[in-house]
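Student: First, the structure itself, so that you have it in front of you.
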Ligand code: SF4
Ligand code: SF4
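Numbering (my numbering), first residue to last: 3 to 475.
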């Protein structure tokens, strides 16, 4: 039975509840009175239930869809302004004992080169990432209890935080590794991780079992209940995501929101981020083998509906998507993007040789970080390298209450300008720097509090003239 508070995955992601929700959405998808009332509720910026949001997602009425897009854009502006947080993935290892049918790292793929970065290789990769200007990483690894041990992860995190090359530093390490135990989550928290990310892949249990035929990940409930264990272990910033294309998108959308509702109900903290990857071509993987791919319009609608349903949750898009798609969804709700990414194990320090490619998926946006930063600024976005919150202890419910009240903006905006200034001084090309300096001059006037504005101006000077770094609100 559906129970948002239950600790059992079958209850909080209840199959019958999702089917009822989809039937309800079908019945009401052209019910203008109901749709208007849901849009009015969304305008209060307190979010929507999975049922309400599913009605909007199903709605085919063009005029109403335009209202949804408009509202998503407005909510995006209200919560995130024109800032976009930058990050990069760092693949530690592609050894994996699971059999996920959509991922080239599945255990039966015998021709993909298997690699695990040594601490020395991690050091080289991190220096290369710092030299690009990155401050925030998402660590990625397959599941292999013998090779990819918790000790290996803890050591890797320590190595990453310890490297300070020139003015560089990785200030926030998020981690995307297999579901694990409460004790292990506690160790990750103590090691100083930011967000624990785990994609559900699909919420449809039957499909899940087929798509994960072998390995520990086959256990749907253990996987789906991972965020509960993470929270119990003290990791209060968790990141959800589904891989769109595996099952029907409307089912996934309802499941995703039910998961967010569950975390909110059970722990008082919703997801810190939601990622929206789509299935892509990769070694041994042809997206056409999967029947549930979604087109760009549907993808945009999903992003807009997530934005208005969970306004306080950051949304992430990777270089799986090309420049055009990224541009469209930035307006509609995405708040974090990767840039200059390598999706192979290693590859930042030196490109992998052609015959030893280990990518998890083909990158659709191959631009350098400098090009992505410039592109964002040309659209009037502020690329932000901010990592302040978890370093200031603003995590979990403390973060969420600041976010929901809108007060977080008083930190995000100044921090974005100061970290962008660092980037421009240390890593940007002359052309990017010229655009960025003008943008900062304009945007600093938008810091509403007079005292805060004076502090930002002083810090910008110190960054420029005294080579000082790492100011934050
Ligand atoms: S999705 Fe993750 S668990 Fe599955 S095969 Fe790929 S790396 Fe392994
Ligand atoms: S102040 Fe916090 S919420 Fe805002 S960009 Fe920085 S880390 Fe993110």
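Every residue gets a Cβ at the ideal spot worked out from N, C-alpha and C, and that includes glycine.
Collect the residues with a C-beta less than 5 angstroms away from any heavy atom of ligand 2 and give them in sequence order along the chain.
Tutor: Counting only residues whose CB is nearer than 5 angstroms to a non-hydrogen atom of ligand 2, the list in chain order is 388, 390, 391, 413, 414 and 417.
Student: Alpha carbon to alpha carbon, what distance is there between residue 430 and residue 379?
Tutor: 12 angstroms
Student: Apart from the five residues on each side of it in sequence, which residues of its chain come closer than 8 angstroms, Cβ to Cβ, to residue 414?
Tutor: 82, 83, 85, 386 and 388
Student: Hey, is residue 112 close to ligand 1, as in C-beta under 8 angstroms from one of its heavy atoms?
Tutor: No, since every heavy atom of ligand 1 falls outside the 8 angstroms radius drawn around the Cβ of residue 112.
Student: When you compare each of 356, 346 and 286 to residue 112 by their alpha carbons, which one comes out closest?
Tutor: 286
Student: On a CA-only basis, which of 456, 411 and 351 is nearest residue 122? Give me that one, please.
Tutor: Residue 351 is the option with its Cα nearest to residue 122.
Student: To the nearest angstrom, how far is it from the Cα of residue 167 to the Cα of residue 463?
Tutor: 22 angstroms
Student: Does the Cβ of residue 101 lie closer than 8 angstroms to at least one heavy atom of ligand 1?
Tutor: yes
Student: Assign residue 15 to one of two classes, buried (16 or more other C-beta atoms within 10 Å of its C-beta) or exposed (fewer than that).
Tutor: buried
Student: Rounded to the nearest angstrom, how far is the Cβ of residue 314 from that of residue 272, given a contact under 8 angstroms?
Tutor: 7 angstroms
Student: Exposed or buried, residue 265, counting other C-beta atoms within 10 Å across all chains shown (16 or more means buried)?
Tutor: Taking all protein chains shown into account, residue 265 has 16 or more neighbouring C-beta atoms within 10 Å of its C-beta and is therefore buried.
Student: Looking at the secondary structure, which residues open and close the beta strand (DSSP E) in which residue 138 lies?
Tutor: 138-143
Student: Taking buried to mean at least 16 other C-beta atoms within 10 Å of its own C-beta, is residue 145 buried or exposed?
Tutor: buried
Student: Taking the straight line between their C-alpha atoms, what separation do you get for residue 303 and residue 149?
Tutor: 41 angstroms
Student: With a Cβ-Cβ cutoff of 9 angstroms, do residue 227 and residue 214 count as a contact?
Tutor: no
Student: Can at least three beta-carbon pairs, one atom from the region 416-431 and one from the region 130-142, be found at a separation below 8 angstroms?
Tutor: Taking 8 angstroms as the limit for Cβ pairs, the verdict is that the region 130-142 does touch the region 416-431.
Student: What's the C-alpha gap between residue 210 and residue 253?
Tutor: 13 angstroms
Student: How would you label residue 476, buried or exposed, when you count the other beta carbons within 10 angstroms and need 16 or more for buried?
Tutor: In the structure as shown, the chain starts at 3 and stops at 475, and residue 476 therefore has no counterpart that could be examined.
Student: Just checking residue 212 against ligand 1 - is the residue's beta carbon closer than 8 angstroms to any of the ligand's heavy atoms?
Tutor: No; taking the cut-off as 8 angstroms, the Cβ of residue 212 has no heavy atom of ligand 1 nearer than that.
Student: Locate the beta strand (DSSP E) running through residue 461, then write down its first and last residues.
Tutor: Per DSSP, residue 461 belongs to no beta strand (DSSP E); it is in the alpha helix (DSSP H), 452-467.
Student: For the region 162-245, list the alpha helix (DSSP H) runs that are entirely contained and at least 4 residues long, ordered along the chain.
Tutor: 184-192, 207-213, 222-226 and 228-234
Student: If you reduce the DSSP assignment to three classes, tell me which class residue 94 lands in.
Tutor: In this structure, residue 94 counts as strand in the three-state DSSP scheme.
Student: Smallest Cα separation from residue 89: which of 268, 212 and 196?
Tutor: Closest option to residue 89, Cα to Cα, is 196.
Student: Looking at residue 466 and ligand 1, is the gap between the Cβ and the nearest heavy atom below 8 angstroms?
Tutor: no
Student: Using 8 angstroms as the cut-off, classify the Cβ of residue 169 as near or not near the heavy atoms of ligand 4, replying yes or no.
Tutor: As presented, the structure is devoid of ligand 4, carrying ligand 1 and ligand 2 as its sole ligands.
Student: In chain order, what residues of the same chain have a beta carbon less than 8 angstroms from the beta carbon of residue 165, not counting five sequence neighbours either side?
Tutor: 125, 128, 129, 132, 171 and 172
Student: So, helix, strand or coil for residue 347, using DSSP?
Tutor: strand
Student: Could you tell me the alpha carbon to alpha carbon distance between residue 406 and residue 117, rounded to whole angstroms?
Tutor: 42 angstroms
Student: If you drop the 5 nearest sequence neighbours on each side, which residues of the same chain put their C-beta closer than 7 angstroms to that of residue 178?
Tutor: Closer than 7 angstroms at Cβ, skipping near neighbours: 140, 141, 142, 199 and 200.
Student: Tell me whether the beta-carbon of residue 332 lies closer than 9 angstroms to the beta-carbon of residue 309.
Tutor: no
Student: Check whether the Cβ of residue 202 sits closer than 8 angstroms to any heavy atom of ligand 1, and report yes or no.
Tutor: no
Student: What do you get for residue 476, buried or exposed, if any count of 16 or more other CB atoms within 10 angstroms of its CB means buried?
Tutor: As displayed, the chain neither begins before 3 nor continues past 475, which places residue 476 out of reach and without an answer.
Student: I'd like the ranges of any alpha helix (DSSP H) spanning at least 4 consecutive residues and lying wholly in the region 6-49.
Tutor: 11-14, 17-30 and 34-45
Student: By DSSP, does residue 339 sit in helix, in strand, or in coil?
Tutor: Looking at residue 339 - three-state DSSP - the assignment turns out to be strand.
Student: Which same chain residues, not among the five before or five after residue 325, have their C-beta less than 6 angstroms away from its C-beta?
Tutor: 367
Student: Nearest to residue 267 by alpha carbon, out of 233, 438, 221 and 249?
Tutor: 233
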